[in-house]
Structure formats: C-alpha cells, structure tokens
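Data block below; observations after.
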Amino acid sequence: MEHKHIYDAKGKQLCCTQTEKIYNQAGAQRLIQEAPAQDHFHSHNDDDGHDHAAVEGSKLQLFLPAIISFVLLMAAIAMDNWVPQSWFKDWVRVCWYVVAYIPVGFPVIKDALKSISKDEIFSEFLLMSIATLGAFAIKEFPEGVAVMLFYAVGEVFQTLAVSRAKSNIKALLDQRPDEVTIVEANNSRVIKAETAAIGDIIQLKPGEKLGLDGELISDTASFNTAALTGESKPDTKTKGEIVLAGMINMNTVSLVKVTTAYKDSKLSKILELVQNATSQKAPTELFIRKFAKVYTPIVVLLAIAICLVPYFFVVQYVFNDWLYRALVFLVISCPCALVISIPLGYFGGIGAASRNGILFKGSNFLDAMAKIQHVVMDKTGTMTEGVFKVQEVRLEPGVDETVILKLVNKIESRSSHPVATAIREYVGEPDESLNLIDVEEITGHGLKGTTDGKVLLVGNFKLLDKFNIAYHIDPNSIVYTTIAIALDNRFMGFITIADSIKEDAAMTIRLLHKSGVQATMLSGDKSTVVAYVAKELGIDKAFGDLLPEDKVDKVKEIKASNESIAFVGDGINDAPVVALSDVGIAMGGLGSDATIETADVVIQDDKPSKIPMAINIGKQTKKVVYQNIGLAFVVKGVILILGAGGLATMWEAVFADVGVSLIAILNAIRIQKMKF
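The numbering of the sequence shown is the working numbering, which starts it at 526 and goes up by one.
Here's what the structure looks like:
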C-alpha cells in the first residue's frame, strides 16, 4: 500500500526515521506528533508497514533477535580465537557471520532502503548499514556484527525507555475505572463507564474511583484527589458540590449524579492536554532536530573524504585501512543519543510535573519556566483563598439594613464574583420578589441596576465616583475590601469583606526569592488590602485598584526591563495579561474548562507553592537535557578525532554511539524519579 508521509507545521518529515520507528514500537506515536499545517498533513494507514501497536509480549521477545545474534557471534569469536578446529574457515566462516548479522542487520537495512525510497536518504539506518556492510567488505566480520548487534540492543532499550515514559505520563492521570455501578429504582447494576448517560446515579463504595464528573447527592463524602492534584489529603464535599472523575471515595457509600459525558470529563481533558503537550517542542529540541538533519549528510561526506582524500597525500596509501577509519567515523557520528534522549528528557519533565498536579501545555513551556525572572500574580484566588466573609455592615443613619441588604444580595446574585457568595452567605438566598431590572456589570467597578425606578449601585468607591455620588468616607482608611452602596443618587453606606491568605503563600514568596525570582502583585482590589497582603507575604511590589487595562500597562513596564515574566491568575479575566507574559499560569484548573484552555501552565490544586516547584522542574529538565547534549558532543567529538586518526576501533565507536545513547536515556529517565 502506498505510504503517505507525516509532516510537521514547518514541512519537516516526521516519518521514516529511527525516532519514529522507536516511538511506534513503544506505542507512543502521539509523543512525536506535532501540530500539523493544513497543507502538509497526511495520515498513515494502519497497515502502511509501520508497527503502530504498543510494546507487546515479554522483554525476551524484544531482545530475541539480539540474543540469537549474540550467541552466534560469541560462538564465532570463540572458534576464531580459543576453540581448536579446522572447519571454521573460508566460506563457512563468512556464512556463519552473515547468519549472525541477519537477525539484527536485516531490519536496519530494510528501514534504510524504505527511507531512501521515501526521499529520506541520510537516515540513521543508512549510517549503520554502510558502516557494518563496509566492515564485511574489508573482512572485519566480528566488528561488523558487533556494531549492528549493539545498535539493535540500544534500539530496544530506547523503545523500552520511551514506552515507560509514555506509560508513566498516561498512568499519572488515566485513573478512570472501566465500569460504574448505576442505581435505578433501588436496584443497582454495573455498566461500562463510557455508556453512562447524563442524569444517571452512580453508587460509589469506599475505596472506589469515580468514573465520570457529577454532582454529589449524598449529604457529605470525603475524596482522595491525588489523581488530579498530586495531593492525597482528603477533600470533603457536601451535597450539591461537583466531584470529578478519578477521585477516590474515602469512607461511606455515596451517590453521584452524572453531569458530564465520559469523554468530556475533566480528567479526560487533562489527560488529552498532557498527551498533547509533546506537540509543542522546546527550542532546544527543535534545534537538535534541525542539527541532525544537516549533520548526518555532512558526516557521510566527511567519511567519504577520510577514505579517499588521503590517496593524494599519503605515500603508502592502503585503501582498507582508510576505509576502516571512515567506517568507524560513520558509527561514531550516528546522532541517536541526541534525537532520542532529548525529547525523552522533556517527556520526563512533563510527567514529573503532572505527578505533582502541574500541567504543562508543551515542552517549550518547561524551557520558558526555567528562565523566569519575575512572577506577577493576582491576589484573589491566587495568594488568598478567594473565600470572602462579611466583616462589617456600616450604613448611613435612617437606612433600613434589612431592605438594603436584600437589594445588594439580589443584584450580587447576578455576579459570579466571590464577593457575591460572601453576601449570599451573610444575608441568605436572594429575594426573588424584588423588582430589579437592567442589571449590568461595569468592568473594574461593580454592578448597576434599577429597582422601582431608582438606580442601585453596588461596587467599589470608584463606581460611586463614576456616577458622581457624594460620600464622606475615606476609602483608604478601610483595610478590608469594601462594597459601597448607593440608591437613587444617595450614598447608603458600605460593607467590608475579608479574604484569608493561603497557608503556603508566604513560603511561595520565600522560595521564589531563594531562586532569585522577583514577585509583584497586581489586583483590582483596593490598594490598602493589596498592600496589607503584600506586606504579610513579603512581596516585592504590589499595586491595587487596577482595571484590566491597568494590569496590562504594569506588565508592559516590567517587560520593558527585558525580564522574563510569568503571570499567575485565574486564566480567564486576566487573558490580556496572560497573552503579554512569557508564561501564563492558571490556578485551580479543576474549576474551569476555560482555565485549561487559556493558560500555558495549569496548577490544579490552587496551591501557590506549586509556582516555584514548576520553575524548579523546568530548571532540572533543562539541566538534564544540556547534560545529555554535552555528553554526546564531548564523547563523540573525542572519538571522532581518534577514529579519523586511526586511533579508535569499531569497539570505541560502539561505545560512542550506543553507550552514550543509553547513558543519556538513563539520565533522561532520572527526571521522572526526582523529588521536587
């Protein structure tokens, strides 16, 4: 069947390479896919000749060709050197080494020919094929077999490493059970989770995982949310609250009403986000890909030059000697250590972050986080709990508190701001009998409506200034968040509301400062409140009373000093600031689909301490990647020079290629086991 190429957005071919082969064998094709351009993308058919199945069977089966080759090679070397006999020579010896070569060499030669037929001439397969067949041509049979054998073993180890990285990423979040127990008319039955319909009632026993998002209809229940947030601390939910797929019921039998289809659950979206994160490549990764594309044909030409050019300069030129040097050069030059270990390092970073409840939308953001010099943050919901409580109601003489609070509660019920929740908890459910019309939200100021022909204003004091309402209060003298009230062009009084600081907020700022990162707080809340919170936490700079456009101006000022900025907020209201920053971080990804869509990095459990952790993960990932690049270049560079000078054999070349690859892969896997 005709093969169709896969291209990335820049037109670079993704298929017919060793990277693609290894990732396909590992069942991890999606980890190398890139967001395609419309006119470049062509899909593979399932039977196009590539192995699209995951790694199946035992590891013994994966290593079987190499084991067969190894046994035959060892037997041949033994008969060449240690076992006295008279028959192992001439054509018998040649045939024995050919048979030893076929299990590991034939698949590589086949891949090389396939790549050439698809216009991918200078592939890793071609380098190894030329080097080993050349060794046979000059009668260096043991070395020819050994080079291909170690190359095959290295390929299997790479496949296992990629498979593990893919499995780790998937296992971090794919916690959905296949089956759920549905309750109907006091009878329960077990069905496939994906067939559950919205409105079904799920019975969840202690220790069971929830399969779909839903609303808790039992009075109370405690859940382990580790699959979503990385935190195993129980989270107690009450009747009417949303519970999510992947949460584990901790104590009593609970009932949950399904509100979201299986494929649309929060966990499904997060899982898809993590698996798609690999399509956004880091600059280092993109550079190595481009480098390998140019590097491979250059080393082939250099190998030809090493073989032929000395003929014109060396007095006693021996073709076989110089061909051997050229073949050693080819083996050393194979860029496997770079093209496999570097993306594997980034996968490890994404997986480690996910395990800690931090979702990166791409490996490029791991690099970006590693360079952050300045964290700009919102206040409410980021450094504070975002759970407001009414502290004081101070009204003008003669104002009926009951009537005015009912009006405030009614108009605030049209808002999703946490302030509205605080007032509802203080006053009670809104009085639906009140006549309130023409309600509108004035961005950065508050709410305006009309009741019985009178204009009602509820918001900050800037709202009253906007409508020229006179008041005798100095807003700056009030520490708490203040809700000013005016009715029929008359100041009615104000309500103070306080928010509590998150328990790990102060530690977050200390960790940022320890890493040499500055912190600035920007908030629409009143300046006195912002200044108080900033002082408590030790934040470098803080600005309050800001409209969305004011926040944009402040971020532009910071960027003008050429600092790399991360903005932390809710990912929705602060979209303009997120767009300006180098990395947009959203707090509380479990609460909003829009948050997941908007941000570059999502912190799922609302903990600000995950901000310095995300920076650290980015730095450690970049450190490992650069270690691998340095190792590959130094070792290969040294042995390339030795090989060209005739001081290195095929055995050193094997170490420079396969040995360095395996060391780099093991180093990359190390990220997944790090504690942050």
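Backbone N, C-alpha and C define an ideal beta-carbon position, used for all residues, glycine too. Here the structure is a predicted model, which is why all the values come from computation and not from measurement.
Measure from the alpha carbon of residue i to the alpha carbon of each residue in the options, then state which is nearest.
| i | options | result |
| --- | --- | --- |
| PHE650 | LYS764, ILE716, LYS782 and VAL825 | VAL825 |
| GLY1171 | VAL619, PHE872, SER938 and ARG850 | ARG850 |
| THR1123 | GLU645, ALA677 and PRO1101 | PRO1101 |
| LEU1072 | LYS1060, ASP1099 and ILE1090 | ASP1099 |
| LEU589 | PHE613, GLU680 and LYS664 | GLU680 |
| MET1032 | ILE1020, ALA1059, SER1086 and ARG1015 | ALA1059 |
| ASP1125 | LEU1105, LYS1144 and ASN1141 | LEU1105 |
| SER888 | ALA686, MET908 and PRO808 | PRO808 |
| ASP1070 | ILE1083, LEU972 and SER1052 | SER1052 |
| ASP1107 | LEU1062, THR1006, VAL1054 and VAL900 | VAL900 |
| LYS730 | PHE1016, GLN1145, LEU1012 and VAL778 | VAL778 |
| VAL1080 | ASP903, ASN711 and LYS1144 | ASP903 |
| TRP621 | ILE634, ARG1015 and LEU598 | LEU598 |
| ALA1067 | ILE655, TRP612, MET1046 and ASP1050 | MET1046 |
| ILE1026 | GLU917, TYR996 and ASP1131 | ASP1131 |
| LEU792 | GLY974, MET894 and SER879 | SER879 |
| LYS987 | ASN1153, VAL928, ALA945 and ASP1050 | ASP1050 |
| LYS480 | ILE602, ILE1136, ASN1001 and GLN1129 | The structure shown does not extend to residue 480, since the chain is modelled only from 526 to 1201, so the question has no answer here. |
| PHE1016 | LEU920, LYS896, LYS1076 and TYR951 | LEU920 |
| GLY1018 | PHE992, LYS1076 and ILE929 | ILE929 |
To the nearest angstrom, how far is the alpha carbon of residue i from that of residue j?
| i | j | result |
| --- | --- | --- |
| GLY1168 | PRO868 | 29 Å |
| THR821 | ILE1110 | 39 Å |
| PRO609 | ILE646 | 45 Å |
| ILE767 | THR745 | 12 Å |
| VAL781 | ASP789 | 17 Å |
| GLY876 | ASN1192 | 15 Å |
| LEU585 | LEU685 | 12 Å |
| ILE1034 | GLY739 | 36 Å |
| ASP925 | ASP1024 | 27 Å |
| PRO860 | GLY659 | 19 Å |
| ALA947 | THR761 | 20 Å |
| SER568 | LYS639 | The pLDDT assigned to SER568 is 35, lower than 50, so where the model puts this residue is not dependable; a value taken from the coordinates is nonetheless given after this. Approximately 17 Å, taken between the alpha carbons. |
| ASP1013 | GLU1061 | 39 Å |
| GLU709 | LEU741 | 16 Å |
| ALA828 | LEU848 | 8 Å |
| ILE641 | SER654 | 12 Å |
So, at 7 Å on beta carbons, what are the nonlocal neighbours of residue i in its own chain, with the 5 sequence-adjacent residues on each side left out?
| i | result |
| --- | --- |
| PHE595 | LEU674 |
| ALA1210 | Examination of residue 1210 is not possible in this model, given that the chain is present from 526 through 1201 alone. |
| THR976 | LEU932, LEU959, ASN960 and LEU961 |
| GLU810 | ILE867, PRO868, TYR871 and SER888 |
| ASN1141 | PHE1201 |
| LYS717 | ASP703 and GLU704 |
| ILE1164 | ILE857, ALA1173, GLU1177, ALA1178 and ALA1181 |
| ILE1196 | GLY870, GLY873, GLY874, ALA877, GLN1145, THR1146 and VAL1149 |
| GLY978 | none |
| ASP1065 | GLN1043, ALA1044 and THR1045 |
| GLU1074 | none |
For residue i, which three-state DSSP category applies?
| i | result |
| --- | --- |
| VAL915 | strand |
| ARG1035 | helix |
| GLY574 | At GLY574, the pLDDT of 36 sits below 50, so the modelled position is not reliable; the number obtained from the coordinates is stated separately. GLY574 falls in the coil class under three-state DSSP. |
| VAL1183 | helix |
| PRO632 | helix |
| VAL617 | helix |
| PHE566 | Unreliable placement is indicated for PHE566, whose pLDDT of 32 sits below 50; the coordinate value is still reported in the next sentence. DSSP places PHE566 in coil when its eight states are reduced to three. |
| PHE1068 | strand |
| SER1086 | coil |
| MET1138 | helix |
| GLU704 | strand |
| SER793 | helix |
| PHE1201 | coil |
| LYS1081 | helix |
| ASP846 | helix |
| SER743 | coil |
| PHE748 | strand |
| SER1267 | This structure cannot settle anything about residue 1267, because the visible part of the chain is limited to 526 through 1201. |
| ASN993 | coil |
Taking 6 Å as the limit between beta carbons, can you name the residues of its chain near residue i, skipping five residues before and five after?
| i | result |
| --- | --- |
| LYS1200 | none |
| VAL983 | VAL933, ILE936, GLY971, LEU972 and ILE1010 |
| LYS546 | none |
| GLU733 | ASN774 |
| THR706 | SER713, VAL715 and GLN728 |
Checklist entry - Quick one: complete alpha helix (DSSP H) runs, 4+ long, within the segment 640-685? => result 649-662
Next on the checklist: If we require 4 or more residues per run, which alpha helix (DSSP H) segments fall completely within the segment 1006-1060?
Outcome noted: 1030-1039
Checklist entry - What are the start and end residues of each continuous alpha helix (DSSP H) run of 4 or more residues lying completely inside the segment 875-926, in chain order? => result 888-895
Checklist entry - Which runs of the beta strand (DSSP E) fall wholly inside the segment 923-991 and span at least 3 residues, in chain order? => result 962-967, 971-976 and 979-984
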